[in-house]
Amino acid sequence: MADPIIIAVPKGRILDEALPLLARAGIVPEPAFGDKNSRALRFATNLPDVSLIRVRAFDVATFVAHGAAQLGIVGSDVLMEFDYSELYAPVDLGIGHCRVSVAEPAEMAAGDDPRAWSHVRVATKYPALTRRHFEARGVQAECVKLSGAMELAPLLGLSSRIVDLVSSGRTLKENGLVEVEVIAEVSARLIVNRAAFKMRAAAIAPIVDAVRRAASLSEAAA
Numbered sequence: 313m314a315d316p317i318i319i320a321v322p323k324g325r326i327l328d329e330a331l332p333l334l335a336r337a338g339i340v341p342e343p344a345f346g347d348k349n350s351r352a353l354r355f356a357t358n359l360p361d362v363s364l365i366r367v368r369a370f371d372v373a374t375f376v377a378h379g380a381a382q383l384g385i386v387g388s389d390v391l392m393e394f395d396y397s398e399l400y401a402p403v404d405l406g407i408g409h410c411r412v413s414v415a416e417p418a419e420m421a422a423g424d425d426p427r428a429w430s431h432v433r434v435a436t437k438y439p440a441l442t443r444r445h446f447e448a449r450g451v452q453a454e455c456v457k458l459s460g461a462m463e464l465a466p467l468l469g470l471s472s473r474i475v476d477l478v479s480s481g482r483t484l485k486e487n488g489l490v491e492v493e494v495i496a497e498v499s500a501r502l503i504v505n506r507a508a509f510k511m512r513a514a515a516i517a518p519i520v521d522a523v524r525r526a527a528s529l530s531e532a533a534a
């Protein structure tokens with residue numbers, strides 16, 4: 313019997329939107345997946361040859377790129393940060409919409425013009441994406457890598473600006489920050505390991521097609 317197909321799904325904001333979409337594609341996790349007290353990370357589904365692993369969003373791309381999982385669901389921000397050549401992203405799921413933006417304190421922004429920047433010090437969990445963006449504009453970017461609580465960096469003098477995911481902008485506003493530049497619009501994607509797709513196309517292609525149909529139906533209903 314062939315090894316099961318493993319789909320990596322992210323903890324956090326995307327997961328709540330991804331689960332109904334997977335269900336429309338015919339993939340439903342076992343009841344334990346919804347148990348808030350469960351420490352399990354791998355779960356069976358209603359399909360005997362498909363299982364789910366639940367990991368941090370940034371780790372979804374790594375698990376799939378290295379073949380530990382064959383498919384995954386992840387934000388396009390993560391794909392832009394890691395730029396793994398081993399990944400194929402055939403379906404925009406139309407969920408998890410947000411943006412990667414540059415933000416700074418409101419009082420600084422009042423007299424600031426991003427077009428005049430030549431050097432910036434930025435706190436971010438996207439150092440590669442941030443450097444590429446600013447290099448394309450001829451701006452030297454010094455990136456301070458953080459994993460969270462980005463809004464504290466300007467408040468405590470770690471950096472004057474941040475690059476982070478923004479949805480409503482409420483967290484920025486509550487910390488005295490404003491968006492001054494949008495780097496990229498973000499949505500969740502279905503990703504596939506390229507080698508696995510070639511070797512196990514008979515098993516993987518129907519899943520990709522089912523998820524694509526589910527995403528199309530969701531978009532049509534929106």
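Residue numbering for the sequence shown is 313 to 534, as defined by my numbering. Beta carbons are placed, not taken as given, at the ideal position from N, Cα and C, and that holds for glycine. This structure is a prediction, so every number in the text was calculated from the model and none was measured.
Which of helix, strand or coil DSSP assigns to S363: strand
For F355, which beta-bridge partners are listed by DSSP? L364
One or two residues paired with Q452 in a DSSP bridge: H431
Assuming G387 and A369 form a contact by the criterion Cβ under 8 Å, report the distance between their Cβ atoms to the nearest whole angstrom. Confirmed, Cβ separation roughly 6 Å.
DSSP three-state call for L477: helix, strand or coil? In the structure shown, L477 falls within a strand segment according to DSSP collapsed to helix, strand and coil.
Residue from G338, R354, A335 and D371 with nearest C-alpha to P322: D371
Supposed contact pair N505 and V376 - C-beta distance, whole angstroms, cut 8 Å: 5 Å
Who are P417's beta bridge partners in DSSP? L489
Classification of P341 by the beta-carbon crowding that lies within 10 angstroms, buried from 16 upward: buried
Whole-angstrom distance between R473 and V490, CA atom to CA atom: 10 Å
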